[in-house]
Amino acid sequence: MTTQPPSVNSSFFRDGFKRFLPNSQAIALAVILIVGFVLIYSLSGLLMPVFASIVLAYLLEGLISKAETMHMPRLPAVYLVFSGFMACLGFLLFYLMPIVSQQAVELVQHIPLIINQVQEGIMRLPERYPQFISEHRVREMMFAVQRELLTYGQNMLSMSAASVMSLVSAMVYLFLVPLMVFFCLKDKKVLVGWLLQFMPRDRHLTERVWKEVDIQIGNYVRGKFAEVFILWSASYVTFSTMGLNYAMLLAVLMGLSVIIPYVGATLVTFPVLGVAYFQWGLAGDDFMYLVVAYSVIQALDGVFLVPFLFSEAVNLHPIAIIVAILFFGGLWGFWGVFFAIPLATVVKAVLTAWPRLGDNSDNNIH
409 MTTQPPSVNS
419 SFFRDGFKRF
429 LPNSQAIALA
439 VILIVGFVLI
449 YSLSGLLMPV
459 FASIVLAYLL
469 EGLISKAETM
479 HMPRLPAVYL
489 VFSGFMACLG
499 FLLFYLMPIV
509 SQQAVELVQH
519 IPLIINQVQE
529 GIMRLPERYP
539 QFISEHRVRE
549 MMFAVQRELL
559 TYGQNMLSMS
569 AASVMSLVSA
579 MVYLFLVPLM
589 VFFCLKDKKV
599 LVGWLLQFMP
609 RDRHLTERVW
619 KEVDIQIGNY
629 VRGKFAEVFI
639 LWSASYVTFS
649 TMGLNYAMLL
659 AVLMGLSVII
669 PYVGATLVTF
679 PVLGVAYFQW
689 GLAGDDFMYL
699 VVAYSVIQAL
709 DGVFLVPFLF
719 SEAVNLHPIA
729 IIVAILFFGG
739 LWGFWGVFFA
749 IPLATVVKAV
759 LTAWPRLGDN
769 SDNNIH
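Take the sequence shown: its position 347, counted from the start at 1, is 755 in my numbering, and no numbers get skipped.
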């Protein structure tokens, strides 16, 4: 039995190490990514207001940059953009949220009536189709549904009791986050200069990756906010014009549905069509008009709005998008789902810019 000399084994591991970390700049990029991921993952619960402030400041920075290209000094641009941000926040908190909350409460209060209508419809099934389903089987199904609804209601009560502390935390966030956003915008150069002190000097690869990621994330997130606003506005005008109940609540759900690609549009279909069905039924034409209007809004969003807003975004395979949603949503919940595609573009940008074995990476990067 023969064994390979130690030099062969050492060369094998050395080649593998070079393939993974070809040069010092790749090592610096890997360290920055690992440290950043660990800090965000481990401290997200404690420093969530800080992370939220940085994200909001990053989004508003695009508007400030556009104002600076129009020869406006940075400080007046910061005050102008921040004033618009506070106006939007005030509209969200003092106008939109009360209406949505009120309609959500009304919908919850009508759930027992809706359940009774569903029960009456199901109980007629044995009379219409006795060869397929029996009355005893229907009663067992209804009993199981009632038991699940009771358990769900008890869980909702426990969550509402625990939400008091969440409300207090939200009030603190509403004060801290806008304050930190303002100082992040106002003192951007000071903060970035302080942060760069802790970065490796050999970071040309990191800067190249960041430039690509900055373009993609900025375009995507700002476009996504625009898509949410446009879809919410169009849905609210359509639903309120047609006289659909809970128009504002359903319009908000329509706007938020675009946050989760593919899945969101499917999920929001059930409440919209469900409310329309229990309000108008299938006898008249109102339900069909609503179905047509809803289909037109979704088609216009997919055919015209998305290509226009995200023409410069990185094309990702649908499987990559779904995997990103599952992975980052499992890590950070709602914000993980919202930033799943931007984070996926980060991964793609890193993999694209990562030096390959045999490339003259040091020369190419400089």
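Idealized CB from N, CA, C, for every residue including glycine. Since we're looking at a predicted model, the values are computed, not measured.
When you compare each of the options to residue i by their alpha carbons, which one comes out closest?
i: residue 441; options: 732, 647 and 615; result: 615
i: residue 454; options: 501, 545 and 581; result: 581
i: residue 654; options: 511, 447 and 476; result: 511
i: residue 448; options: 740, 727, 528 and 748; result: 740
i: residue 459; options: 636, 584, 631 and 514; result: 584
i: residue 713; options: 633, 688 and 726; result: 633
i: residue 475; options: 462, 466 and 489; result: 489
i: residue 665; options: 485, 706, 734 and 532; result: 706
i: residue 619; options: 760, 465, 477 and 545; result: 760
i: residue 728; options: 756, 716 and 499; result: 756
i: residue 668; options: 652, 726 and 688; result: 726
i: residue 644; options: 461, 451 and 504; result: 504
i: residue 627; options: 471, 461, 735 and 596; result: 471
i: residue 487; options: 591, 536 and 456; result: 591
i: residue 439; options: 690, 692, 703 and 608; result: 608
i: residue 531; options: 520, 518, 548 and 519; result: 548
i: residue 641; options: 709, 747 and 600; result: 709
i: residue 466; options: 690, 595 and 514; result: 595
Since residue i and residue j should fall inside the 8 Å C-beta cutoff, what is the C-beta to C-beta distance between them, to a whole number of angstroms?
i: residue 656; j: residue 508; result: 6 Å
i: residue 468; j: residue 593; result: 6 Å
i: residue 522; j: residue 647; result: Between residue 647 and residue 522 the Cβ distance is about 18 Å, and since that is not below 8 Å, they are no contact.
i: residue 367; j: residue 750; result: In this structure the chain extends from 409 to 774, so residue 367 is not present and cannot be described.
i: residue 497; j: residue 586; result: 7 Å
Is the distance from the Cβ of residue i to the Cβ of residue j below 7 Å?
i: residue 639; j: residue 672; result: no
i: residue 754; j: residue 629; result: no
i: residue 745; j: residue 738; result: no
i: residue 617; j: residue 443; result: no
i: residue 658; j: residue 680; result: yes
i: residue 437; j: residue 613; result: yes
i: residue 701; j: residue 732; result: no
i: residue 589; j: residue 464; result: yes
i: residue 550; j: residue 525; result: no
i: residue 661; j: residue 684; result: no
i: residue 631; j: residue 717; result: yes
i: residue 688; j: residue 678; result: no
For a test of your reading of the model: does the CB of residue i fall under 6 Å from any non-hydrogen atom of the ligand ADP? Yes or no.
i: residue 673; result: This structure does not include the ligand ADP; it has no bound ligands of any sort.
Ends of the alpha helix (DSSP H) at residue i?
i: residue 687; result: 671 to 688
i: residue 697; result: 694 to 708
i: residue 472; result: 456 to 477
i: residue 666; result: From DSSP, residue 666 is part of no alpha helix (DSSP H); its letter is neither H nor E.
i: residue 627; result: 612 to 650
i: residue 484; result: 482 to 499
i: residue 713; result: Taken as a continuous stretch (DSSP letters only), residue 713 belongs to no alpha helix (DSSP H), as it is neither H nor E.
i: residue 504; result: Run containing residue 504: none; DSSP gives neither H nor E here.
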